[in-house]
Amino acid sequence: MQQTTISHPLPPEAKVLMNHIYEYQKGVRRMILFTCNRRLEQFTTNRLSHQQIDYVVQPAGKENVNVYFGRKECLDAIRLFVTRPLNELSPEEDFILGAMLGYDICAQCQRYCERKCRY
0 MQQTTISHPL PPEAKVLMNH IYEYQKGVRR MILFTCNRRL EQFTTNRLSH QQIDYVVQPA
60 GKENVNVYFG RKECLDAIRL FVTRPLNELS PEEDFILGAM LGYDICAQCQ RYCERKCRY
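Just so it is clear: in the sequence shown, position 116 is 115 by numbering that gives the first Met the number 0, and no numbers are missing.
So this is what it looks like as structure tokens:
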């Protein structure tokens, strides 16, 4: 008798996570912000723990979580200044976070100036 294995395809978010982990392990990025539905939180943290990657989980609304992962130094800084929802960060905090995540620095400068003028 042939045994059939039913496999469930990974949701698109999980595939994005795998790509982020790959980029981190290859040294492309030192810190990553992965936002996912709470239903994937356990899968995400299990995968990061299994890969021995440090992470910080923070709520992001009612249904989502932000999972920061990467170098310990970066995560220590996240614990100190990302203590509220991302849309409530000051322009300076937002700039620092974007730079830490490796976002285009010129785009970050433009975003900072736009946000600073609104305050």
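For every residue, glycine included, the Cβ atom is placed at its ideal position computed from N, Cα and C.
Can the beta-carbon of V27 be found closer than 7 Å to that of T43?
no
Write down the C-beta distance between R46 and E62 rounded to the nearest angstrom, noting that I regard them as a contact closer than 8 Å.
No, R46 and E62 are not in contact; Cβ-Cβ is about 20 Å, not under 8 Å.
Would you call M99 buried or exposed, if buried means 16 or more other Cβ atoms sit within 10 Å of its Cβ?
buried
DSSP-derived helix/strand/coil call for Q51:
coil
Can you find the residues in the same chain that come closer than 6 Å, C-beta to C-beta, to F80, ignoring five residues on each side of it along the sequence?
E92
DSSP beta-bridge partners for M30?
G69
From the DSSP output, in three-state form, read off P10 for me.
coil
The alpha helix (DSSP H) enclosing K115, as first and last residue numbers:
I104 to R117
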